[in-house]
Structures are given as C-alpha cells and as structure tokens.
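Enquirer:
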Amino acid sequence: MNYNSKDIKVNSAYDHWHDTVHGQDNPSNIRLEEWHINALGLSPELNNKNILEVGCGVGDFALYLSDQKAAITAVDFSEKAIELAKQKAQIQNKQVEFIVADAQNLPFPDNSFDLVFSCECLEHVPNPQLALTEMQRVLKPSGKLILTTENYSNAMLLYWLVCWLRKEPFNSGEKVQPIDHFFVYWQVSKMFNNAGFTIQRMIGSHHVFLLLPRFHPHTFVVERFQNLLIATILRPFARHMAFEAIKK
12 MNYNSKDIKV NSAYDHWHDT VHGQDNPSNI RLEEWHINAL GLSPELNNKN
62 ILEVGCGVGD FALYLSDQKA AITAVDFSEK AIELAKQKAQ IQNKQVEFIV
112 ADAQNLPFPD NSFDLVFSCE CLEHVPNPQL ALTEMQRVLK PSGKLILTTE
162 NYSNAMLLYW LVCWLRKEPF NSGEKVQPID HFFVYWQVSK MFNNAGFTIQ
212 RMIGSHHVFL LLPRFHPHTF VVERFQNLLI ATILRPFARH MAFEAIKK
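Here this note's numbering is used: the first residue of the sequence shown is 12, the next is one more, and so on.
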C-alpha cells in the first residue's frame with residue numbers, strides 16, 4: 012500500500028493512539044462498547060455471510076462476530092491496531108482475516124461482501140464521504156451497511172465549544188483523537204444518499220445533557236428513553252447513532 016506524507020502522519024498518530032489506549036489490554040478479553048451493541052441491534056442474520064468490518068481497531072468486534080458461521084475480514088489504517096488484533100486472534104484461537112488498509116481505498120473488488128460493519132470509524136477518517144463510497148462499492152447488490160458514528164447535535168457540541176474557549180484538548184470519550192469530525196444526523200443522512208445508500212433504520216442512544224455550572228456532559232446521560240414517542244423525537248439528537256442502510 013502506498014501512502015503520501017499526510018497519510019503517513021495520520022497513520023503514525025493512530026499507531027501511537029492505539030499503543031497508548033490499547034497497548035496494555037488483556038489479549039484474552041473481548042471488549043464490546045455501546046456502539047457495538049447498537050450495531051448488533053440492527054444486524055441481520057450473519058450465518059454464511061461474507062462480512063467486512065471497516066475501522067476494526069484492535070479487533071474486538073470482529074473477534075466477537077467470528078463466533079458466527081460467517082467469513083470475517085477486518086481492516087484498519089493503523090498497523091499497530093492490526094498487530095494487536097492479530098495477537099488477540101491467535102491467543103483466542105479465532106479465525107479473522109485482519110488487514111492493514113485504508114477505508115478510503117479498500118483493497119477489494121466491487122461487489123465482494125454481503126454485509127459491512129463500521130463502528131465509530133467514519134468520524135476519524137480524513138474523507139468520510141469517500142470512505143462511505145468505498146463501502147458501497149465493495150458491497151454486493153442490495154448488500155447492507157451497519158454503521159455507527161457520533162452525533163454532535165446535543166450537549167457534546169457545547170462541551171467542545173467550552174474546550175475550545177478554554178484552549179483545552181477535546182476528549183470525546185476515548186482520549187484525544189488525531190482526527191475527529193463533528194457530525195450531525197442530517198449531515199450523515201445526506202452522505203449516505205450521496206454514496207448510493209438508502210437508510211432503512213436508525214437508532215440512537217446515550218442522550219447527553221449539561222448540568223450547569225459544570226460543563227462536562229458526562230454528568231448526566233440518559234442511555235435510552237422507554238417512551239416510544241420521546242425516543243423517536245429525540246433520536247436525531249442522541250450522542251451515538253447507528254444506521255442500517257442498503258446499497259441502491
């Protein structure tokens with residue numbers, strides 16, 4: 012894979028980030044985050060499917076999926092992340108093909124996969140629209156994409172503003188990221204359409220609120236609203252968005 016100087020800088024930053032955040036993880040454990048749970052809530056039957064995960068990080072979700080009767084391929088831009096993922100797979104005796112690859116230039120032919128997962132990756136890619144277009148390209152006709160990403164049409168945007176005014180680094184939850192796009196629901200919906208997807212379902216979780224005078228939104232989080240009407244109205248304002256989309 013050929014990288015330009017900008018790619019190398021981003022790659023190096025994420026190698027360092029993964030080493031710092033996940034370098035001491037217990038390789039025998041699988042850690043699923045709330046966005047993984049959201050993705051599984053939208054997931055179709057996985058048996059006998061050819062599945063790709065884009066932005067797999069250190070591999071926990073791909074390793075979890077490998078317990079299904081499916082062929083799992085997982086890619087990440089960070090060589091360090093893939094190194095750690097392969098170590099986990101070996102120790103856990105799980106079959107996943109981990110590959111160092113760029114979400115914006117996936118090394119697979121057109122129409123290769125039945126299903127693509129991408130969890131909390133899109134906001135950390137230099138060109139999110141290009142990444143979505145690539146995911147659409149490698150999906151088979153009528154293939155599905157299950158994608159989660161963060162949403163800032165809520166108190167997180169105010170928290171970012173406070174950090175900016177104080178000249179403090181913004182921590183979205185997993186330490187300071189080398190790249191962090193600030194998406195809102197309507198923006199992501201438009202990107203799906205531009206990439207050639209039709210959104211079938213969307214769920215939201217973790218509604219964050221500010222408790223003044225403290226400006227940190229983690230002081231008050233409602234994971235899910237039980238009232239269906241309230242949940243539907245507030246869905247575009249949830250911190251974590253999960254989409255099920257089909258290739259047009």
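For glycine and all other residues, C-beta sits at the position ideal for the given N, C-alpha and C.
Since this is a predicted model, take the numbers as computed values, not measurements.
Could you pull out every residue in the same chain whose Cβ sits closer than 7 Å to the Cβ of N205, ignoring the five residues on either side in sequence?
Expert: Q140
Enquirer: Under 6 Å Cβ to Cβ from A112, same chain only, skipping five residues before and after it: list those, please.
Expert: Answer for A112: V86 and P118, listed in chain order.
Enquirer: Which residue wins for smallest C-alpha separation from K201, given the options A256, C67 and P152?
Expert: Of all alpha-carbon atoms in A256, C67 and P152, the one lying nearest the alpha-carbon of K201 is that of A256.
Enquirer: Where do the ends of the beta strand (DSSP E) carrying N61 lie?
Expert: N61 to V65
Enquirer: Would you decide whether K91 is buried or exposed? Buried here means 16 or more other CB atoms lie within 10 Å of its CB.
Expert: buried
Enquirer: Just mark N49 as buried or exposed, buried being the case when its beta carbon has 16 or more other beta carbons within 10 Å.
Expert: buried
Enquirer: Going by DSSP, what residue range makes up the alpha helix (DSSP H) through I48?
Expert: E45 to L53
Enquirer: Buried or exposed: where does Q147 fall if 16 or more other Cβ atoms within 10 Å of its Cβ makes it buried?
Expert: buried
Enquirer: How about T84 and E108: do their beta carbons lie closer than 8 Å?
Expert: yes
Enquirer: Give the straight-line distance between the Cα atoms of R42 and Q79, rounded to the nearest whole angstrom.
Expert: 17 Å
Enquirer: In whole angstroms, give me the CA-to-CA distance for V176 and L168.
Expert: According to the sequence provided, residue 176 is Leu. The question's Val does not apply to it. Looking at the two C-alpha atoms, the distance is approximately 12 Å.
Enquirer: Give the DSSP-derived three-state secondary structure of R212 in the structure shown.
Expert: DSSP places R212 in strand when its eight states are reduced to three.
Enquirer: Look at the Cβ atom of E64, then the Cβ atom of S129, and state whether they are nearer than 8 Å.
Expert: yes
Enquirer: Could you give the distance in angstroms between the alpha-carbon of V136 and the alpha-carbon of Q103?
Expert: 29 Å
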